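Single-structure report; data block below.
2 protein chains.
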Amino acid sequence: MTLPTGSYHHGDLREALIEAAVASVRENGPDGLALRDLARRVHVSHNAAYRHFADRDDLVVEVAGRVMVSIVDSMQTRLAKVRTRDPVLRARRRLAATGRGYVDFAVTEPGLFRLACSSLSAVSSTITLRERDPLTLLGEVLDELVDVGFLAPAARVDAEITCWSAVHGFSILSTDGPLQGTTAKERTAALDRVLISIDRSYAATTGTTIGARDLLG
Amino acid sequence: MTLPTGSYHHGDLREALIEAAVASVRENGPDGLALRDLARRVHVSHNAAYRHFADRDDLVVEVAGRVMVSIVDSMQTRLAKVRTRDPVLRARRRLAATGRGYVDFAVTEPGLFRLACSSLSAVSSTITLRERDPLTLLGEVLDELVDVGFLAPAARVDAEITCWSAVHGFSILSTDGPLQGTTAKERTAALDRVLISIDRSYAATTGTTIGARDLLG
DNA sequence: GTTCGAATGTTGACACTGTCAAGATTGAGC
DNA sequence: GCTCAATCTTGACAGTGTCAACATTCGAAC
Numbered sequence: 001m002t003l004p005t006g007s008y009h010h011g012d013l014r015e016a017l018i019e020a021a022v023a024s025v026r027e028n029g030p031d032g033l034a035l036r037d038l039a040r041r042v043h044v045s046h047n048a049a050y051r052h053f054a055d056r057d058d059l060v061v062e063v064a065g066r067v068m069v070s071i072v073d074s075m076q077t078r079l080a081k082v083r084t085r086d087p088v089l090r091a092r093r094r095l096a097a098t099g100r101g102y103v104d105f106a107v108t109e110p111g112l113f114r115l116a117c118s119s120l121s122a123v124s125s126t127i128t129l130r131e132r133d134p135l136t137l138l139g140e141v142l143d144e145l146v147d148v149g150f151l152a153p154a155a156r157v158d159a160e161i162t163c164w165s166a167v168h169g170f171s172i173l174s175t176d177g178p179l180q181g182t183t184a185k186e187r188t189a190a191l192d193r194v195l196i197s198i199d200r201s202y203a204a205t206t207g208t209t210i211g212a213r214d215l216l217g
Numbered sequence: 218m219t220l221p222t223g224s225y226h227h228g229d230l231r232e233a234l235i236e237a238a239v240a241s242v243r244e245n246g247p248d249g250l251a252l253r254d255l256a257r258r259v260h261v262s263h264n265a266a267y268r269h270f271a272d273r274d275d276l277v278v279e280v281a282g283r284v285m286v287s288i289v290d291s292m293q294t295r296l297a298k299v300r301t302r303d304p305v306l307r308a309r310r311r312l313a314a315t316g317r318g319y320v321d322f323a324v325t326e327p328g329l330f331r332l333a334c335s336s337l338s339a340v341s342s343t344i345t346l347r348e349r350d351p352l353t354l355l356g357e358v359l360d361e362l363v364d365v366g367f368l369a370p371a372a373r374v375d376a377e378i379t380c381w382s383a384v385h386g387f388s389i390l391s392t393d394g395p396l397q398g399t400t401a402k403e404r405t406a407a408l409d410r411v412l413i414s415i416d417r418s419y420a421a422t423t424g425t426t427i428g429a430r431d432l433l434g
């Protein structure tokens, strides 16, 4: 399992193929992904990929898994920027931050995001991702909201679904829908309203009074 | 332009191709759609489609437009069932009804829904759909909410985006995501919570007090 | 009623794709 | 040093979108 550089055995073809796939999807989107094209990029014959992947879909699922991890990274980047001390406001802003991180990735890497969408089920079912999936992270942040008394325990049910729906839908509207042509500023403003709407809804579950611009800081 | 049944000229090949495309996508999803396959179904040579569509994508956009109209139909079916007299509660339930109708279609016709998603931008930009698009209908229902004083005018901004994001995201989670394997009852319960969350958020914009189970009737 | 052009449908070809089967090459363990 | 399994290659097949050239037919102008 040493380095290749020369001839027959590539060394780590599997990883090279995945990286080439990421580059390809980044440029041409999910439909542009072709095994034969990847083989050419990596200077290997067509069919070499079949020693490492059962079929095209198998590769797609693997790449989608990587993308999921990147999405979590993007969410955590936003999470790390929340410096608020007040526990309640901090938890609220952390929830908003996960949403912003999710959308960040979708807008920055629309091709990869579309790929991840295309095999959402395969990823969430077959692979555990070592708990590094968006759903788990979102659940933890929602638990914080309950702990600080902002979100009523009764409203905690299906909260992942509610939040994920809103943010995922917004991401798609931004990459493929009517928000596609808008400026970053307009998109950010629209996302703010989505996040504020969720925040306002959760505040109502415990009767917490909130300020209009609490989330924006 | 009379009927075909015999030979060279088909009669209305364009329409026949579109219908065949709908049937194909219904069975095999968007990726299963192949021009040559359609030609076979309609008993016409490959390439005949090129007299009516510029390329494959042109056909897809046309079909997506039809699907959009069907989605609006589904929304209006739910809207028609709202019989509530009280103006405020009526408007609130009408908003929820549009969401339910949208999800109804996605769950009933996942293949067609996926196709519509794939060319969301093309549809919303190129074709006017004679105003029969989900966004316009949603806007009208939101205006009602403002008229009856439930939704604050300031919160009306980007309300289409907020609602559409939530409902569209929920639809995708239902067709391709973690809600795929759940029962209809569980899915309905989850959707209720999404709709209640939106309702609760909008109530807060005008300080309207609402009952917990207002929306479910 | 005949003729001619435009619309429509067909045939053939090319490049590209995924995938299977069979052979060639190599590294690792005995 | 030999063997075997892992890995990569070559060759083939069916399927696809799309272009070019050809065939047929409908409708209108004369």
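So the sequence lines, in the order shown, correspond to chains A and B. Going by our numbering, 13 is the number at position 13 of the first sequence; the sequence numbering is gapless. One rule links them: number in our numbering = place in the second sequence (from 1) + 217. Where a beta carbon is used, it is the ideal one built from N, C-alpha and C, also for glycine. Computed from a predicted structure; not experimentally measured.
**Prompt:** For T183 (chain A) and chain B, any beta-carbon pair shorter than 9 Å?
**Reply:** no
**Item:** Inter-stretch contact at 8 Å, needing at least 3 Cβ pairs: the region 306 to 323 of chain B / the region 373 to 393 of chain B
**Value:** yes
**Item:** Residue nearest to V44 (chain A) in terms of C-alpha spacing, selected from A:D73, A:L13, A:E62 and A:L179
**Value:** A:L13
**Asked** Listed from N- to C-terminal order along the chain, which residues in the region 318 to 333 of chain B have their beta-carbon within a distance smaller than 7 Å of any beta-carbon of chain A?
**Response** none
**Message:** On the criterion of 16 or more Cβ atoms from any shown chain inside 10 Å, does V247 (chain B) qualify as buried, or is it exposed?
**Reply:** Note on identity: in this sequence residue 247 (chain B) is Pro, with Val being the wrong assignment. Buried, because 16 or more other Cβ atoms sit within 10 Å of the Cβ of P247 (chain B).
**Cβ-based neighbour list, L350 (chain B), same chain, cut-off 6 Å, excluding 5 preceding and 5 following** = Note that residue 350 (chain B) is Asp in the sequence shown here, rather than Leu. Excluding residues within five positions, the ones whose Cβ falls inside 6 Å are M285.
**Message:** Can you look up G429 (chain B) in the DSSP assignment and give me helix, strand or coil?
**Reply:** The question names Gly, but residue 429 (chain B) in the sequence shown is Ala. In this structure, A429 (chain B) counts as coil in the three-state DSSP scheme.
**Request:** Find the residues of chain B that neighbour S74 (chain A), judging by a C-beta separation of less than 9 Å, and give them in chain order.
**Result:** Under the 9 Å cutoff, chain B gives no residues; its nearest Cβ is about 17 Å from S74 (chain A).
**Prompt:** Straight-line CA distance for L312 (chain B) to M75 (chain A)?
**Reply:** 31 Å
**A155 (chain A) versus G139 (chain A): straight-line alpha-carbon distance, rounded** = 13 Å
**Asked** If you scan the region 153 to 182 of chain A from start to end, which runs of the alpha helix (DSSP H) of 4 or more residues do you find wholly inside it?
**Response** 159 to 175
**Asked** If we ignore side chains and look at the alpha-carbon of each, how far apart do W164 (chain A) and H227 (chain B) end up?
**Response** 48 Å
**Prompt:** Do you know offhand how far R331 (chain B)'s Cα is from D86 (chain A)'s?
**Reply:** 43 Å
**Item:** Exposure of T426 (chain B), with buried meaning 16 or more beta-carbon neighbours within 10 Å
**Value:** exposed
**Item:** CB contact check: P4 (chain A) to chain B, cutoff 9 Å
**Value:** Its pLDDT being 47, under 50, P4 (chain A) is placed unreliably by the model, and the measurement read from it follows with that caveat. Judged by the 9 Å Cβ criterion, P4 (chain A) is not in contact with chain B.
**Prompt:** Below 9 Å between beta carbons: does that hold for L120 (chain A) and V25 (chain A)?
**Reply:** no
**Request:** Buried or exposed for P153 (chain A), please, with buried defined as at least 16 other CB atoms from any protein chain shown within 10 angstroms of its CB.
**Result:** exposed
**Prompt:** So T206 (chain A) is in the alpha helix (DSSP H); what residue range does that whole segment cover?
**Reply:** A184 to T206
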